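Colleague:
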Amino acid sequence: MPVREILRIGDPRLREVSQEVRKFDTPELHCLIGDMFDTMEAADGAGLAAPQMGVLQRVMVFGVDVNPRYPDAESVPMTVLINPEFTIVGDESEGGWEGCLSVPGMRGYVQRHSQIQYRGYDQFGASIVRDAAGFHATVFQHEFDHLDGILYPDRIVDASKFGFIEELAASGEIPLVQDV
Ligand code: NI
């Protein structure tokens, strides 16, 4: 399956609200998801949303295997999630450095809900319900935002905690994180 171009911030398609998927288990949907995984892996990302490839449908993929380049990263199950929704569990939030394949070379400090329960469907239309916390919950919330045209820089509270990876790393500011 081909690796597709990832749109970058500034492209108006990243600001659109994506449409729900109506038909599951179609050749077009399987092709899209295959391309999304290939594109995510080629870019060494932990997640990707369909609008990042210019496809304005409510589809996301994410997942992190144990990766020697990111020894401290929490693993996240390889997941296809279509028409997702979520509820917040508890009232805790936590801050973390995020990167995005559509904002290459940069990192920003963002607050997310610590615990959530998300729901959705896989590519065959089977229901998925899962509790998530930590990086798993962060990745979901980041990808969910893409489906509503929101990019992580929109959620940065302190603009001084946003910058290029090299500069932030040189000041000892950031841990290694994968783009999503
Ligand atoms: Ni992203």
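FYI, the numbering for the sequence shown is 180 to 359, going by the numbering used here. The beta carbon of each residue, even a glycine, is placed where N, CA and C say it ideally should be. Model, not experiment: these values are computed from the prediction.
Considering only the beta carbon of each residue, do Trp276 and Pro354 sit closer than 8 Å?
Modeller: Result yes, Cβ atoms of Trp276 and Pro354 sit closer than 8 Å.
Colleague: For Phe314, name the three-state secondary structure that DSSP assigns.
Modeller: Phe314 falls in the helix class under three-state DSSP.
Colleague: Say the cut is 7 Å; is the CB of Ser281 nearer than that to a heavy atom of the ligand NI?
Modeller: Yes; taking the cut-off as 7 Å, the Cβ of Ser281 has a heavy atom of the ligand NI nearer than that.
Colleague: Does the beta-carbon distance from Val255 to Val318 come in below 8 Å?
Modeller: Yes, these two residues count as a Cβ contact at 8 Å.
Colleague: Tell me the residue span of the alpha helix (DSSP H) that contains Leu347.
Modeller: That run of the alpha helix (DSSP H) goes Ile344 to Ala349.
Colleague: Taking C-alpha atoms, which residue in Leu235, Glu253 and Val234 lies nearest to Gly242?
Modeller: The shortest Cα separation from Gly242 among Leu235, Glu253 and Val234 belongs to Glu253.
Colleague: Look up Glu194 in the DSSP assignment and say whether it is helix, strand or coil.
Modeller: Per the sequence shown, the amino acid found at residue 194 is Arg instead of Glu. Arg194 falls in the helix class under three-state DSSP.
Colleague: What is the DSSP secondary structure of Glu220, counted as helix, strand or coil?
Modeller: Looking at Glu220 - three-state DSSP - the assignment turns out to be helix.
Colleague: Excluding the 5 residues flanking Thr218 on each side, which residues of the same chain have their C-beta closer than 7 Å to its C-beta?
Modeller: Hits under 7 Å: Val182, Arg183, Ile185, Leu227 and Met232.
Colleague: DSSP has Met265 in a bridge; who is on the other side?
Modeller: Note that residue 265 is Phe in the sequence shown here, rather than Met. Phe265 pairs with Tyr297.
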